[in-house]
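I have placed the structure first, in the form of structure tokens, so that the comments after it can refer back to it.
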DNA sequence: AACAAACATCGTAATAATACGATATAACGA
DNA sequence: TCGTTATATCGTATTATTACGATGTTTGTT
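Residue numbers (the working numbering), protein chains in the order written: chain A, 45 to 156; chain B, 45 to 156.
Shown next, in the form of structure tokens:
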């Protein structure tokens, strides 16, 4: 036990869950929000900004990159990160595909 | 260590992360998708639908309820769950507030 | 070449999440 | 009342996440 049963679910369900997991830590939300403002940043910017250790920031950046939300470019001695625009919009559409499935004028006493 | 440093982040960042965590498991995504279609369901529906144990489904339902995404009503001997419409729309707006902050016509070589 | 700056990765301790059997509770029907 | 049905909760084994010091690697500088 303790292991998510991935095979029980659809590809879309697993994909959505993995993406949500990328957003599921305040440090990663903070990194994304910082990037939305600043466009670009490096590891040490975030260490100063957030107050977490360098190794911790690096780990969060890797997870965001693995999820496809960020891309990184070598910029001299440092690593420049930014949001991956295409993927960002795909993720946005994927979430909204779910968010918008709700019936707005739902029958009043259908449920709760 | 191993404990998220909530105090380092803003209220919004922590709130977004908590909500994302609710979406961060394929079983919970599946439950939400089922509810978007069926409007209403009970625990045992989901046990049949998803193939997880009753206790596991109950646990996932509680997490979705705690996150404010679901509401539940006693319906005779069973518990009827549905999506919480107001909160659902609030969550949608919260996520889109982030998703839409990206500059669409971003400068080409600004970053990556 | 030697040093510094910027990161990534490793190792690991602490904590959280996942899954489910077992058990408790509450409502309905015979 | 007694049994059945539907769930919630408890306990717990397993796995995943989080955080950071230590160390390695790469690039630029003197």
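Every residue gets a Cβ at the ideal spot worked out from N, C-alpha and C, and that includes glycine.
Rounded to whole angstroms, how far is the Cβ of residue i from the Cβ of residue j, which I believe are closer than 8 Å?
| i | j | result |
| --- | --- | --- |
| residue 126 (chain B) | residue 138 (chain B) | Rounded, the Cβ-Cβ distance is 20 Å, inconsistent with contact. |
| residue 128 (chain A) | residue 112 (chain A) | 6 Å |
What residue range is occupied by the uninterrupted alpha helix (DSSP H) comprising residue i?
| i | result |
| --- | --- |
| residue 141 (chain B) | 129-143 |
| residue 68 (chain B) | Segment: none, residue 68 (chain B) is in no alpha helix (DSSP H) and carries neither H nor E. |
| residue 110 (chain B) | 98-110 |
| residue 94 (chain B) | 87-94 |
Which first and last residues belong to the beta strand (DSSP E) in which residue i is found?
| i | result |
| --- | --- |
| residue 118 (chain B) | 114-119 |
Is the distance from the Cβ of residue i to the Cβ of residue j below 9 Å?
| i | j | result |
| --- | --- | --- |
| residue 47 (chain A) | residue 94 (chain B) | no |
| residue 96 (chain B) | residue 68 (chain B) | no |
| residue 123 (chain B) | residue 117 (chain B) | yes |
| residue 66 (chain A) | residue 64 (chain B) | yes |
| residue 146 (chain B) | residue 133 (chain A) | yes |
| residue 108 (chain A) | residue 90 (chain A) | no |
| residue 143 (chain B) | residue 136 (chain A) | yes |
At a threshold of 8 Å, does residue i count as lining the ligand ZN (C-beta to nearest heavy atom)?
| i | result |
| --- | --- |
| residue 136 (chain A) | Because no ligand of any kind appears in the structure shown, any question about the ligand ZN cannot be addressed here. |
| task | Take every Cβ of the segment 78-98 of chain B, pair it with every Cβ of the segment 70-89 of chain A, and state whether three or more of those distances are shorter than 8 Å. | result | no
| query | Going along the segment 87-108 of chain A in order, which residues come within less than 8 Å of chain B, judged by CB to CB distance? | reply | 94, 95, 96
| With contact counted as at least three CB pairs below 8 Å, one residue from each stretch, are the segment 53-64 of chain A and the segment 89-106 of chain A in contact? | no
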